[in-house]
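In the numbering used here, the protein residues as written are 1 to 184.
Working notes, beginning with the structure itself.
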């Protein structure tokens, strides 16, 4: 029987490998999160954004999203999806909308602010999101889901950074015990 349950470490590693196969690096996602959150949070540290992306890549729901939708994009590229859905995905039809639902679901891990951050990224398409979106318009390439997944992970990481930094400010009171970055 094939393995179907994975530890957080295994899911993170498998997600990184899947993203890498699609031309996506963790640092590219972290850069989007950094640029988004640095507009609101002073003294943001890039490594915190990388850690936030890695944390999000360890979540089971995100693992399932990445694995499923990377495979759907790949199948669309290889013309292995029959009927109109293959054509719709290859064209990245603006009226399709399921890709944005996937993004909103991932971003919602960090509440309405995560979803708002995803909306900002989805509309403005910074960095790798734009590269994937534009690259997906080329013959034989489909990034219908990947551009939104990358944007959603960046949005969630950006929101997580805001929460971490605000948690640190809340703990400036010496009567409150600090928590670890991994508790958020």
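By construction, the Cβ of each residue, glycine as well, lies at the ideal position given by its N, Cα and C atoms.
Check, Outcome
"Near residue 98, which residues of its chain fall below 7 Å by C-beta distance, leaving aside the five closest residues on each side in sequence?", "none"
"On the DSSP letters alone, give me the boundaries of the alpha helix (DSSP H) that residue 102 sits inside.", "98-107"
"So, is residue 159 buried or exposed, given that buried needs 16 or more other C-beta atoms within 10 angstroms?", "buried"
"Taking its Cβ as the centre, do 16 or more other Cβ atoms sit within 10 Å of residue 2, making it buried, or is it exposed?", "exposed"
"Return yes when the Cβ of residue 156 is within less than 7 Å of the Cβ of residue 76, no when it is not.", "no"
"Taking the straight line between their C-alpha atoms, what separation do you get for residue 146 and residue 130?", "11 Å"
"Pop quiz: residue 66 and residue 117 are said to be a contact at Cβ under 8 Å. What is the actual Cβ separation, rounded to whole angstroms?", "Their Cβ separation, rounded to whole angstroms, is 19 Å, which puts residue 66 and residue 117 out of contact at 8 Å."
"Which residues in the same chain as residue 60 place their Cβ atom closer than 7 Å to its Cβ, once the five residues preceding and following it in sequence are excluded?", "11"
"Count the other CB atoms, across all protein chains shown, that sit within 10 Å of the CB of residue 90; report buried if there are 16 or more and exposed otherwise.", "buried"
"Where does residue 144 land, buried or exposed, given buried means 16+ other C-beta within 10 angstroms?", "buried"
"For a test of the three-state rule: what should DSSP assign to residue 113, helix, strand or coil?", "helix"
"Using the beta-carbon count (16 or more within 10 Å), is residue 7 buried or exposed?", "exposed"
"If you follow the alpha helix (DSSP H) that residue 18 is part of, which residue opens it and which one closes it?", "8-21"
"Over what stretch of residues does the alpha helix (DSSP H) that includes residue 169 continue unbroken?", "146-170"
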